[in-house]
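Report on the following structure.
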Amino acid sequence: MIDARDTLLERMKVDLIGPESPDELISDRPTDRYLTGILFPPRTTISPEDDDEASDADDADAVGTALDGVKAASAFRPSSAGLSFAVEPIGQAPRLRVRVDGARYRPEGAAEEGSGSGRKRAQSWRRTPQFAEVSLDLVALRKEPAPIIDLASSGLAAGSLHCRIAPWGDILLVTLAVTNDAKPTEARSRAANEEAALFQFSMVVECEDECRFVPKPERIGSASDEDDARASALLYRNVQQFAVGHTCSAMWDEPVEGKVHQVRTSWFPESTVHVVSAEGDTEFKKADARLPLGASWLASEDDAGLFAGLKSFVDAYAHWISRMEAAALTMSEAHVGQAQRHMQRCREAEQRMRAGIALLETSSDVLTAFRLANAALALQYSWRINPHPPELVWRPFQLGFALLCLESIAKPESSDRETMDLLWFPTGGGKTEAYLLLTAFTIFLRRLRAKGNPSGAGVTTFMRYTLRLLTIQQFERAAALICACEMVRRGKVMLEGVNLPAHFASDIPISLGLWVGEGATPNTVADAEKVLGTDAESSPSQLRSCPCCHEVLDWRISADRSRVEVRCLTKTCDVGQEVALLPIWTVDEDVYRERPTLLIGTVDKYAQITRNQKTGCLFGIGTPANAPELVIQDELHLISGPLGSLAGLYETAIDELCRSGAGARAKVIGSTATIRRAEDQIKALFDRGSFQFPPPGIDHTNSGFAIEDRGVPGRRYVGVSTVGRSAKFTQQAVAASLLQAATDKSLAADRRDGYWTLVNYFNSLRELGGALVLMRDDVARSIRDYADRRPGETERDAGAQIELTSRVRSSDIPRYLKDLEREWNDPDHVDVVLASNMISVGMDVSRLGLMVVNGQPKTIAEYIQATSRVGRSQKAPGLVITLFNAAKSRDRSRYETFAGWHRSLYRDVEATSVTPFAPRARDRALHAPYVAMVRHLVAGMENPGAIEQHQEEAEALLDKVIARIARIDPVEADAARAQLNSFLDDWFDRQGLTDYWQDYSEALLASAEAAAERGNRARFAGQRPTPNSLRSVEASASYVLLEGGSDRGTRP
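Take the sequence shown: its position 86, counting from 1, is numbered 86 in the UniProt record's numbering, and each next residue is one higher.
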């Protein structure tokens, strides 16, 4: 079957590079018609009116650094392009064969239009192909300092080949560049410039005799990254870069037995990032290893069969490890040591999984909880619309991760309780389902062990996210899980061999809470009553449809106006008929009262533990319930930078608040698709060791549980440079070509849909704002032009646009996501999505297959996350077009090495930085988690004025904070102690305090924003400014823009 992406790319190449035919005759100027692939005459400048980079180059925020951007008007259009590569001589006379292709356009068939003095001359342009082929004697050329070969005698008029050859050990580093030497016949003549330009330039280099292409020498990493560098060198030892472009990019064929036969220039470099299959290695495809992957089987199989099946599953992983251990022994000395370290880590994973199985064998409560969790997930899965496969079958890594974590969740005294288990898997692999299984397991185990006692109620699991879109989408998934768990608790799922305890019938319902900022959900029921039924941004109705029947839910205020209730009123809905009031709470007031079993929140909401006494109940404080037992941190890589540093500070308090009565800390698990040096980040954030699952193997293509699958279409990445053009011109040309290409008659209806909606990704709201008008005006004109070039083709109306950014109201996000699921022939479909990094994590719309990335994102992690939003279904394998701004050195470098680094995307993921106890972070908020600990953990400290009566307890908590700092960042421990001692002394001095937090009256603390706005007034001098959110801690300044300001005169 024809790949729809081939059609889109072929059309884009014809539209933007050309030609439509070898000797085409076109009616518009070639430089107006074609975007790239052009070598202009020497010293051709970009006119200032075409230079939309002029302002960006002065904007450090837009370009990365002020020095990074170059004003296009101060640069020349490209007149040269070439390649650098390495060759190894294998004889005395190594030779290369170089072919250079291009075309020039000549005016033809000018005719007069109109009459009288206003007539104009319309001009057509005829393409004239040219090429030159030369043989290069590398030995002879090495003797010359900078040899230049005239290509005119070989067939390419006004062209020169510049050579540079330098030895590097036993190899030669070769750079070849072609320059267009043609000069316009008339000064300041547009037509003469057109004739002098060289279009559709390309260069192909082959080893002709006694030499071969070899990979370019590897870069050398820093000493501080030595361990990381050794691991990368092992995993990516077979990924090599054979060429680098200059002005253009470089491509080469897939190596065969390590040999490459040619390297070539490319204006649209392409690379395929192959699908990582979650089906695992062939060991997991054997019948005895696949049997225990069925969730229903795990829930109902007899004990002996269950234990045998799980052991066979782990045996399959052990067999894979043995194979890899044998392969490691055959490796070069440079890699064998690192390979053995990787295998040792894999053996640790195997032993932990076996320990989980052993606990299932010996603990009836653990076994029952495991069965019930699988039953709940199987039920949840059955509610999907047209599920495929029809029943839930775990992917090997999902079951493996559950077995790995089982013992440390179930046994507080486990040696692995203090380890954060990090699930690392590419986006779209199913990480969410893996930790939802562990969530259900923890919930049921706690209820079983409590035996009906209220200690089993309360918040059992905290699930934390960083972004609104991610939180809301995961809330929808979690709602299905909790409703399924509640149906299991009520005995509505029949399980063979499992008898539900009698107390389940009278236990408090298993419930779900959403704990996010008031910008998304109201804080009080009274506020919720005002907005229910309106389109207000802050709304309690964050769940639109029933998890079971998918019909619209009914949100309303209870009769006594004490809570917000949600129901499914569908008569045929199993959940709606069984559970009259869905156990879902989204308003803070309801959350504090109900203390939901699973609480989902954004990480910055946890700043409220210092401000609000009611938050203590979420940790079991002041209630009969135990403290939370499981903390899940999704998308760990996002907890970095300033947000990560403040989160690490508050984690000091959260960790203590979650500590059980016996002194055990909560189990912490996390997930990510893009992270590097995670152990450092986890130590700084959570004061724990770390274990990555699956552990890496000996090659990046196979970790046992995750294996590269080249049998299915991977995500294709294509680079486009703005070289010689403005960024906005490039952007609209690419977008228009792709949008119109989706109408191509050769595309089957089922293939067309995946590429009908274009996701246009921007790195900043500033750039996105400029594209709003561009997409409506310029793109529409270009679509018309591209349609007119093809007889019989109708231009497309691509006017249905939506925006997915932080500017979108939370209440609109679910509707937009539903609209994105509409197919191309639906009248309400979406043509274009203008998106920011808000979609980088959490947006999961399987039909989307097409994205344009406008400029290289600041981090590779963001690039991977953003582009992984498309191509999540085999019905529409992803196509990503990345526009690189040639005015930015970083973009230019990424474009010229495009094929090389895309072959090993995850190797270049940057390490994250988290420094919670650095001086600047301490100044801002070190006191905040300490106050939270004193406030919630010391009995009688509901009032800050009681501090003198609790000096001993307060000092003991201070010691705990300092002990944590000493473990994480010992250099800062003494300074932190002095800082907290000073704060505590000030607290003792402020007698008679009645409030912990007031912004405009006497209290211990005040919000940092309010403190900055009012300044250092004597009345509030004693109050310590404290973040009210982990994101916004600086004061805002309001201003009014007056007309005629320059005419107001000067101040006397």
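Yeah, the Cβ is synthetic: ideal placement off N, Cα and C, and Gly gets one too.
Going straight from the alpha carbon of residue i to that of residue j, what length do you get?
{"i": "Arg106", "j": "Leu198", "result": "11 Å"}
{"i": "His637", "j": "Thr674", "result": "7 Å"}
{"i": "Glu279", "j": "Pro628", "result": "33 Å"}
{"i": "Ser893", "j": "Gly770", "result": "25 Å"}
{"i": "Gly697", "j": "Asn238", "result": "14 Å"}
{"i": "Asp15", "j": "Arg77", "result": "20 Å"}
{"i": "Ala664", "j": "Asp416", "result": "12 Å"}
{"i": "Tyr606", "j": "Gly337", "result": "43 Å"}
{"i": "Ala956", "j": "Ile409", "result": "28 Å"}
{"i": "Asn943", "j": "Trp987", "result": "12 Å"}
{"i": "Ala876", "j": "Thr701", "result": "23 Å"}
{"i": "Asp908", "j": "Ala243", "result": "18 Å"}
{"i": "Ala358", "j": "His503", "result": "27 Å"}
{"i": "Glu361", "j": "Leu306", "result": "10 Å"}
{"i": "Asp253", "j": "Arg212", "result": "14 Å"}
{"i": "Asp655", "j": "Asp3", "result": "51 Å"}
{"i": "Thr461", "j": "Leu649", "result": "21 Å"}
{"i": "Thr859", "j": "Glu910", "result": "7 Å"}
{"i": "Ile965", "j": "Ala1011", "result": "28 Å"}
Please return the same chain residues whose Cβ sits closer than 6 Å to the Cβ of residue i, not counting the five positions on each side in sequence.
{"i": "Arg809", "result": "Glu537"}
{"i": "Met12", "result": "Ser737"}
{"i": "Ala355", "result": "Glu407"}
{"i": "Val718", "result": "Phe268, Glu270, Ile881"}
{"i": "Leu291", "result": "Gly309"}
{"i": "Asp831", "result": "Ala798, Ala800"}
Cutting at 7 Å between CB atoms, please list the residues of its own chain near residue i, excluding the five before and the five after it.
{"i": "Leu500", "result": "Gly491"}
{"i": "Ala653", "result": "Ile609, Pro929, Ala932, Met933"}
{"i": "Lys614", "result": "Tyr592"}
{"i": "Arg688", "result": "Glu418, Thr419, Met420, Val668, Ile682"}
{"i": "Tyr786", "result": "Asp15, Ala736, Ser737, Gln740"}
In this structure, does DSSP put residue i in helix, strand or coil?
{"i": "His550", "result": "coil"}
{"i": "Ala62", "result": "For Ala62, the pLDDT reaches just 44, beneath the cut-off of 50, and the residue's location in the model is therefore unreliable, although a value from the coordinates is still provided. In the structure shown, Ala62 sits in a helix (DSSP, three-state: H, G or I)."}
{"i": "Lys411", "result": "coil"}
{"i": "Leu543", "result": "coil"}
{"i": "Ala1008", "result": "helix"}
{"i": "Ile813", "result": "helix"}
{"i": "Arg107", "result": "The residue you asked about is not Arg; residue 107 is Pro in the sequence shown. Three-state result, Pro107: strand."}
{"i": "Leu738", "result": "helix"}
{"i": "Val488", "result": "helix"}
{"i": "Asp68", "result": "Here Asp68 scores only 44 on pLDDT, less than 50, and its place in the model should not be relied on; the value that follows carries that caveat. Asp68: coil per DSSP, three-state reduction."}
{"i": "Trp168", "result": "strand"}
{"i": "Lys667", "result": "strand"}
{"i": "Gly294", "result": "strand"}
{"i": "Pro396", "result": "helix"}
Which one of the options has the shortest CA to CA distance from residue i?
{"i": "Ala559", "options": "Glu496, Glu529, Ala318", "result": "Glu529"}
{"i": "Thr175", "options": "Arg903, Ile813, Arg142", "result": "Arg142"}
{"i": "Asn626", "options": "Leu685, Arg659, Pro184, Glu283", "result": "Arg659"}
{"i": "Gly644", "options": "Thr915, Ser868, Ala287", "result": "Thr915"}
{"i": "Gly400", "options": "Asp416, Ala369, Tyr435", "result": "Tyr435"}
{"i": "Ser690", "options": "Gly704, Lys667, Ile707", "result": "Lys667"}
{"i": "Ala157", "options": "Gly169, Ile171, Thr128, Pro167", "result": "Thr128"}
{"i": "Val734", "options": "Arg822, Leu850, Pro713", "result": "Leu850"}
{"i": "Ser455", "options": "Val566, Arg446, Lys183, Ala192", "result": "Arg446"}
{"i": "Leu329", "options": "Ile321, Gln340, Trp320", "result": "Gln340"}
{"i": "Asp777", "options": "Lys745, Glu821, Gln731, Arg752", "result": "Gln731"}
Short of 8 Å in beta carbon distance, which residues of its chain neighbour residue i, apart from the five on each side in sequence? Order them along the chain.
{"i": "Gly992", "result": "Gly945"}
{"i": "Ser806", "result": "Arg468, Leu765, Ser836, Met838"}
With a threshold of 7 Å between beta carbons, is residue i in contact with chain D?
{"i": "Thr674", "result": "Within the model displayed, chain D is absent; a lone protein chain is all it includes."}
**Message:** Quick check on the DSSP output: what are the complete alpha helix (DSSP H) runs of length 4 or more inside the region 576 to 617, in order along the chain?
**Reply:** 588 to 594, 608 to 611
**Prompt:** Hey, which unbroken runs of the alpha helix (DSSP H) at 4 residues or more fall wholly within the region 357 to 383?
**Reply:** 364 to 382
**Message:** Report the start-end ranges of each beta strand (DSSP E) in the region 680 to 723 that is 3 residues or longer and not cut off at the edges.
**Reply:** 689 to 693, 707 to 709, 715 to 721
**Request:** Any chance you could list the alpha helix (DSSP H) runs of at least 4 consecutive residues sitting entirely within the region 923 to 956, in chain order?
**Result:** 927 to 937
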